[in-house]
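Residue numbers (this note's numbering): 9 to 280.
Where a beta carbon is used, it is the ideal one built from N, C-alpha and C, also for glycine.
Contents: one structure, followed by commentary.
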């Protein structure tokens, strides 16, 4: 069984209109979706000491995610405030990662040993791991990075040399602008850049060819985590098949299913 690891952010997404919080965060979502897709999955991150942290950690343990290299600090867990408008998530604000931002990860020998057992490492812009990418990229394990939708070009220039798989949310760009962006930022053989564009579908670029995938249309209950589910399914399928077209199709199907679940992957509890 393939093993993968998500490194970085864990949060609770607090749905203010129903006073319910769900576990999430890009790195946590990757680890959970990978587990649901049949991988052996680990998460390396930082938990606070509040009820929010306790909820996320208990859910991950229930799902049998390897948390052996996680840290704990006194302080607020990552928290985002969210509402829904016709099934689409709307972010209202956050504490910018809480203890994840306040206590930046530094890799230990034990962390590196776990990472080198894995077929893939995934992290992202909200994980506060930019300072680790050069080291992560040198460990001989393929590195995936989610630049999300509010990346700056300076961050792309700084991080992408170390990355094997790079993901961007590019709903603000036209198809031609997206292709130009991917082409301009592709740096080396074997690197795959992929842009998701909401209802317009996704475009991938491998340095030679572009690949297109339309979304699978469903009546969305909640789009939270849809991008992470797409990324995870793409990566795990690509690890098995080495085929971009097949991987994008599997990703679209899995992302559609995730839109039928409340929160990123369920497990909501009420809060005061």
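- Residue 233 places its beta carbon less than 8 Å from that of residue 37.
- When Cβ pairs closer than 8 Å are counted between the two stretches, the segment 123 to 141 is seen to touch the segment 13 to 22, the count reaching three or more.
- Fully enclosed alpha helix (DSSP H) runs of no fewer than 4 residues occupy 107 to 110, 117 to 123 of the segment 79 to 134, in order along the chain.
- If you draw a straight line from the Cα of residue 127 to the Cα of residue 76, it is about 18 Å long.
- The beta-carbon distance between residue 263 and residue 95, rounded to whole angstroms, is 14 Å. This is too long to meet the 8 Å contact definition.
- Rounded to whole angstroms, residue 30 and residue 193 show a C-alpha spacing of 35 Å.
- Per DSSP, reduced to three states, the secondary structure at residue 31 is strand.
- Scanning 67, 54, 72 for the CA closest to the CA of residue 85 turns up 54.
- Excluding the 5 residues flanking it on each side, residue 280 has no same chain C-beta neighbour closer than 7 Å.
- Cβ-Cβ distances below 8 Å link residue 24 to 89, 90, 91, 100 in the same chain, with the five nearest sequence neighbours on each side left out; the list follows chain order.
- Ranked by how close their Cα comes to the Cα of residue 156, the residues 136, 117, 62 have 136 in first place.
- Residue 60 sits buried, since 16 or more C-beta atoms from the chains shown fall within 10 Å of its C-beta.
- DSSP places residue 54 in the uninterrupted beta strand (DSSP E) bounded by 48 to 55.
- For residue 20, DSSP records a beta bridge to 31, 87.
- Distances from the alpha-carbon of residue 132 to those of 167, 148, 107 put 167 closest.
- Non-local beta-carbon contacts of residue 247 in its own chain, meaning distances under 7 Å to residues more than five positions away in sequence, involve 10, 127, 128 in chain order.
- Less than 8 Å separates the beta-carbon of residue 139 from that of residue 112.
- Residue 11 has 48 as its beta-bridge partners, per DSSP.
- Residue 184 counts as exposed, since fewer than 16 other beta carbons sit within 10 angstroms of its beta carbon.
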